[in-house]
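Engineer:
Residue numbers (the working numbering): 243 to 365.
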């Protein structure tokens with residue numbers, strides 16, 4: 243495993259730990275005030291989903307502007323500023339390009355790449 247792969251694993255583990263601790267605190271608080279905060283929590287969750295979808299669309303639009311990137315082969319998932327890229331590119335050098343483009347989008351805090359290289363049939 244190279245240094246970059248190790249750093250990505252460490253960063254992913256750190257984010258997962260932060261999310262787990264944050265959600266545990268939210269659940270603990272939610273059980274104390276079950277009836278009073280049910281409606282606002284639902285609207286907050288709805289707003290978060292809306293913001294996540296908007297960020298995913300912004301990243302995808304930024305990728306689509308780059309002619310050398312086949313954006314249709316890439317899916318974008320955003321959660322609270324953390325963006326995960328899934329799919330395939332035709333050349334290994336495009337992976338870094340895609341990550342770089344995603345990092346330039348306002349609102350993106352981190353980027354995790356699960357991209358692979360898949361050459362077109364016949365090449």
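Beta carbons are placed, not taken as given, at the ideal position from N, Cα and C, and that holds for glycine.
Considering only the alpha carbon of each residue, which of 298, 297, 303 and 313 lies closest to residue 336?
Structural biologist: The option with the nearest alpha carbon to residue 336 is 313.
Engineer: Under the three-state reduction of DSSP, which class applies to residue 307: helix, strand or coil?
Structural biologist: Reduced to three states, the DSSP call for residue 307 is coil.
Engineer: Taking C-alpha atoms, which residue in 325, 331 and 295 lies nearest to residue 345?
Structural biologist: Nearest of 325, 331 and 295 to residue 345, Cα basis: 325.
Engineer: Compare the C-alpha of residue 359 against each of 353, 332, 341 and 351 and name the closest.
Structural biologist: That would be 332, whose Cα lies nearest to the Cα of residue 359.
Engineer: What's the gap between the Cα of residue 352 and the Cα of residue 363?
Structural biologist: Their backbone Cα atoms lie some 33 Å apart in a straight line.
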